[in-house]
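Okay, so here's the structure we're looking at.
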Amino acid sequence: MLNHFKISIKKDLEQQLNTRFNQEISIIVEEPKKAELGDLSVPVFSIVKTLRKPLPQIVDIVKEELTKVGDAAYFNKIDSVSGFINITLNRTKFSELVINDFDNTDSYGQNEFGQGKTICIDYSSPNIAKPFSIGHLRSTIIGHSLGNILEKCGYNVVRINHLGDFGTPFAKTIYAYLNWGNQEIVEQDPVNELVKLYVEFNEKAKLDPNLDEEARKIFNELEQGNETYVKLWEYIREESLKDYMKVYDLLGVRFDSYNGEAFYNDKMQAIVDELKEKKLLIKDQGAMIVDLGDDIPPALIQKTDGATLYITRDLAALFYRKNTYHFDEVLYVVGNEQKLHFTQLKRVVDKMGYDFAENIHHINFGLVLQDGKKMSTRKGKIVKLEDVLNEASTMSLDYINEKNPGLENKEEIATHIGVSAVVFNDLKNYRTNDFEFNLEEMVNFAGQTGPYLQYTSVRIQSILDSALNTTNKMNYDLFEGEHYFDILKNISLYEDIIIKARLEYAPSILAKYLLNLASLFNSFYAKERVLVDDEVERNTKLHLLKMTKDILNDGMRLLGMQVILKM
RNA sequence: GACUCGGUAGCUCAGCAGGAUAGAGCAACGGCCUUCUAAGCCGUCGGUCGGGGGUUCGAAUCCCUUCCGAGUCGCCA
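The opening position of the first sequence corresponds to residue 2 in our numbering, with each subsequent residue numbered one higher.
Given below as structure tokens:
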């Protein structure tokens, strides 16, 4: 709502000034740094420049024009301080407007930004035969949260888990299994044993480069449909997926499609043919490439031995998705280090003559670092996500036992708190920043954390549960109070925050907003007793609390956190 | 070497389509529970916004340069 004011004031004021001076004038409506200066602000320096009139004169003119804009009825006062014109809203009227708006909406913040449009999101996409690591967490929860945010914006969202179930690393695991693996041991604990084999392969390959050659052979035969290898592949895929589903269940993550790389195995030839037909494919040093210009390296489509590569499969997947889902946009939630790959992917699509290259977005995110260095599976330094989530849940349970030992369903709630703490710890940071793996920080329950949001929501819930409401009369004058109005102003920004998070593909924008809202509420809570005797005052406060709680809960849901009622 | 991303308080980060005295949390220190959940609230301490130039009425924000860290750079994904 506050944003609507900004937009409409800007529009009205510009139009009025354009008419008055008969020239293009563009102004800015922003929020002052300090709340005590006002609610909205118009800096006039740029107008002084374009009109070449003294500043005091411009200030007077803009002040005068401001009294004529459409929203002027909501203004309480217009001051000026050194080139800034500050508008203070009539808090009572503005509050009534926001509250009515809230009450008349089923799902506050829901908008029609993406009405009728489809977006495919490729996220999580773990490489099978390896445990689900902390490294996969980022893609999984950023993608999941973006999906939720996009749905809130009215998009039809197709969630795709593009499993890494093909490629030479996979062939390495098969080689190791067949040559020195033990079937019984592997069957006991498939995923963990298989990754051991993979790590072992890499160690041995360092001493014996022939192994890499063997793995490439296996991969080739697998691609051709060798029965033994395909059976093994099916077994490994199934066991891995079983393992991952445990984590997805814990996180509440779901997908519409689990079509991984293997699914596109028979769809790549068509891509190769099309590239050939369009004369884009060039033979270079024995391999087939597409030249992409001087600024970036060419895309390797086929290896010397004829086997396909990552980008070939991604192209096949891309066209399959385009033809199946008819997406308006496709998002790839994949780490920073693959930036070049997606630049190449887009460039190839563009070269092929399709116009949707610009609708392909690499939603990159920072690396998970350990001691400032990239984590790597090859060295076996893997941190299993399941262990992290369990650790966080155990710590939550300890906390509950200390703070609220009589709580019912302790274990379940502890899991919700622990998992959400890990999720929030990730999403609160802007996604492209690198991420230092630090368990202590993840399960720290004080300050800017998931539990802080849950705690705030639970506190409100607790009051609402015990509240006796005897009236529906509101006293909007209460919103003259700073601590009331601060909360309300923030509530009015919810929809804008969601749209901003959508435009920047950044759940962290929503996360920071929720922290701020929770903080404002907790300050309010310390100052005001809610369940007072005066029934109109009580009802007004309860109304404010309910709005706050609804937004906190909805926001947490969008981030992929669990909403709990007690803790 | 080329290209990309980052460098803001002791630590983790926000702010960056230029705007008013640079903001949070953690840590440290000091307060606040006979009243709705203290996983909270209030306060104190803490900053040459990596360095140097430039553009501008105004720069953490834009441009150039330099230092530091990370990532990527044809047969892995």
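Every residue, glycine too, gets a C-beta built ideally from N, C-alpha and C.
Remember, predicted model here, so these are calculated numbers, not experimental data.
- prompt: What separation, rounded to the nearest whole angstrom, lies between the Cα atoms of Val423 and Phe85?
  reply: Start at 1 with the first residue of the first sequence, and residue 423 comes out as number 422. Start at 1 with the first residue of the first sequence, and residue 85 comes out as number 84. Straight-line Cα distance between these residues: approximately 43 Å.
Where Arg348 falls: helix, strand or coil (DSSP)
If you number the first sequence from 1, residue 348 lands on position 347. If DSSP states are grouped into helix, strand and coil, Arg348 belongs with the helices.
>> Assuming contact is defined by CB atoms lying nearer than 8 Å, are Asp123 and Thr89 in contact in what I supplied?
In response: Here residue 123 refers to the residue found at position 122 when the first sequence is read from its first residue. Here residue 89 refers to the residue found at position 88 when the first sequence is read from its first residue. No; because the gap between Cβ atoms is not below 8 Å, this pair is not in contact.
For this session: Could you check what DSSP says for Leu164 in three-state terms: helix, strand or coil?
Result: For the purposes of this step, residue 164 is taken as the residue at position 163 of the first sequence. The answer is coil: DSSP assigns Leu164 none of H, G, I, E or B.
Note to self: Give me the DSSP bridge partner(s) of Leu41.
What the structure shows: What you label residue 41 is simply residue 40 of the first sequence in a count that begins at 1. Its beta-bridge partners are Ile88.
**Q.** Of the listed residues Arg503, Gly556 and Phe480, nearest to Asn517 (C-alpha basis)
**A.** On the first sequence, position 516 is the one that residue 517 refers to. Among Arg503, Gly556 and Phe480, the Cα nearest to that of Asn517 is on Gly556.
* Does the count of Cβ pairs from the stretch 87-107 and the stretch 357-364 closer than 8 Å reach three? -> no
Item to complete: Could you pull out every unbroken beta strand (DSSP E) segment of at least 3 residues lying fully inside the stretch 57-102, listed in chain order?
Response: 76-82 and 85-90
* To do: Under the assumption that Val420 contacts Ala393 (Cβ atoms under 8 Å), give the Cβ distance between them as a whole number of angstroms.
  => As a first step, residue 420 must be located in the first sequence, where it is residue number 419. As a first step, residue 393 must be located in the first sequence, where it is residue number 392. Indeed, because the Cβ distance is near 7 Å, the residues count as touching under 8 Å.
#### Entry: Three-state secondary structure (DSSP) of Ala288
To locate residue 288, count along the first sequence from 1; it is residue 287. It is a strand residue.
| task | Go to Thr119, then tell me how far its alpha helix (DSSP H) extends in each direction, as first and last residue. | result | Taking the first sequence and counting its residues from 1, one reaches residue 119 at position 118. Run containing Thr119: none in the alpha helix (DSSP H); it sits in the beta strand (DSSP E), Thr119 to Asp123.
**Study point:** Separation of Lys501 from Ile79, as counted between CA atoms
**Key:** By 1-based counting over the first sequence, the position of residue 79 is 78. By 1-based counting over the first sequence, the position of residue 501 is 500. Using only the alpha carbons, I get a separation of about 28 Å.
Which partner residues of Phe438 appear in the DSSP bridge assignment?
The residue labelled residue 438 in the question sits at position 437 within the first sequence. Looking at the DSSP assignment, Phe438 forms no beta bridge with any residue, so it has no partner.
Sequence-distant residues of its chain with Cβ nearer than 8 Å to Thr309 (five each side left out) = As a working mapping, residue 309 is identified with position 308 in the first sequence. So the qualifying residues of the chain are Glu224, Met269, Val273, Ile302 and Gln303.
If I measure Cβ to Cβ from Met475 and keep anything under 6 Å in the same chain, skipping five residues before and after, which residues do I get? Translated into positions along the first sequence, residue 475 becomes position 474. Excluding residues within five positions, the ones whose Cβ falls inside 6 Å are Thr541.
Practice prompt. Below 8 Å CB to CB, which residues in the same chain sit around Gly287 once its five sequence neighbours on both sides are set aside?
Written response: Here residue 287 corresponds to residue number 286 of the first sequence, with the count starting at 1. The residues are Thr305.
Counting pairs of Cβ atoms below 8 Å between the stretch 140-158 and the stretch 399-415, do you hit three or more? no
* **Burial state of Leu195, where buried means 16 or more other Cβ atoms lie within 10 Å** => Numbered from its first residue, the first sequence carries residue 195 at position 194. Flag for Leu195 reads buried.
### Query
From what residue to what residue does the alpha helix (DSSP H) around Asn180 run?
If you number the first sequence from 1, residue 180 lands on position 179. Note, Asn180: alpha helix (DSSP H), Thr169 to Trp181.
Check your understanding: By a C-beta neighbour count over all protein chains shown, 10 Å radius and 16 as the cutoff for buried, is Val374 buried or exposed?
Key -> Position 373 of the first sequence, counting from 1, holds the residue named residue 374. The sequence given here has Lys at residue 374, not Val. Classification for Lys374: exposed.
For Asn260 and Gly168, the rounded distance between their alpha carbons: The sequence position of residue 168 within the first sequence is 167, counting from 1. The sequence position of residue 260 within the first sequence is 259, counting from 1. The straight-line gap from Cα to Cα measures roughly 15 Å.
So, at 6 Å on beta carbons, what are the nonlocal neighbours of Val154 in its own chain, with the 5 sequence-adjacent residues on each side left out?
Within the first sequence, the letter at position 153 stands for residue 154. Here residue 154 turns out to be Cys, not Val, going by the sequence shown. The residues are Asn112, Phe114, Gly115 and Arg503.
To test your reading of the DSSP string, which unbroken alpha helix (DSSP H) runs of 4 or more residues are found completely within the stretch 476-557? 483-492, 495-504 and 508-528
Best match in Asn266, Phe425 and Ile186 for proximity to Asp315 [C-alpha to C-alpha]: Locating residue 315 in the first sequence gives position 314, counting from the first residue. Of Asn266, Phe425 and Ile186, the residue nearest in Cα terms is Asn266.
query: In angstroms, rounded to a whole number, what distance separates the CA positions of Val49 and Ile10?
result: If you number the first sequence from 1, residue 49 lands on position 48. If you number the first sequence from 1, residue 10 lands on position 9. So the two alpha carbons sit approximately 19 Å from each other.
Going by the beta-carbon positions, is the gap between Ser125 and Asn162 smaller than 8 Å? On the first sequence, residue 125 is found 124 positions in, with the first residue counted as 1. On the first sequence, residue 162 is found 161 positions in, with the first residue counted as 1. Against a cut-off of 8 Å, the Cβ pair of Asn162 and Ser125 comes out as a contact.
*Residue of Ile492, Glu65, Lys513 and Asp535 minimising C-alpha distance to Gly110*: For the purposes of this step, residue 110 is taken as the residue at position 109 of the first sequence. For the residues Ile492, Glu65, Lys513 and Asp535, the minimum Cα distance to Gly110 belongs to Ile492.
ask   = Thinking C-beta only, is Gln345 closer than 8 Å to Ile312?
value = Residue numbering aside, residue 312 sits at position 311 when the first sequence is read from its first letter. Residue numbering aside, residue 345 sits at position 344 when the first sequence is read from its first letter. Against a cut-off of 8 Å, the Cβ pair of Gln345 and Ile312 comes out as a contact.
Quiz prompt | Host alpha helix (DSSP H) of Gln225 (start-end) | solution = As a first step, residue 225 is located in the first sequence; it is residue number 224 there, counting from the start. Gln225 -> alpha helix (DSSP H) spans Asn211 to Gln225.
**Q.** Beta-carbon proximity list for Ala317, same chain, < 6 Å, skipping 5 on both sides
**A.** In the first sequence, residue 317 corresponds to position 316, counting from 1. Only Tyr265, Lys268, Met269 and Ile272 meet the Cβ criterion.
In whole angstroms, give me the CA-to-CA distance for Ile62 and Ile510. The residue you call residue 62 lines up with position 61 of the first sequence. The residue you call residue 510 lines up with position 509 of the first sequence. Roughly 37 Å separates the two Cα atoms.
**Prompt:** Tell me, which residues are paired with Thr309 by DSSP?
**Reply:** By 1-based counting over the first sequence, the position of residue 309 is 308. Answer is Gln303, bridged to Thr309.
Between which residues of its own chain and Glu31 is the CB-CB distance below 7 Å, once the five residues before and five after are set aside? Locating residue 31 in the first sequence gives position 30, counting from the first residue. Once the five neighbours on either side are set aside, the close Cβ partners of Glu31 are Ser42.
How far does the alpha helix (DSSP H) with Phe425 in it reach, from first residue to last?
The count along the first sequence starts at 1 and reaches residue 425 at position 424. Phe425 -> alpha helix (DSSP H) spans Lys411 to Leu428.
#### Entry: Outcome for Lys173 when other beta-carbon atoms lying within 10 angstroms are tallied against a minimum of 16
Numbered from its first residue, the first sequence carries residue 173 at position 172. With 16 or more other Cβ atoms within 10 Å, it is buried.
| said: Once the 5 residues before and after Ala468 are set aside, which same chain residues still bring their CB inside 7 Å of it? | reply: What you label residue 468 is simply residue 467 of the first sequence in a count that begins at 1. If we look at Ala468 and ignore the five residues flanking it on each side, its Cβ neighbours are Leu532 and Leu543.
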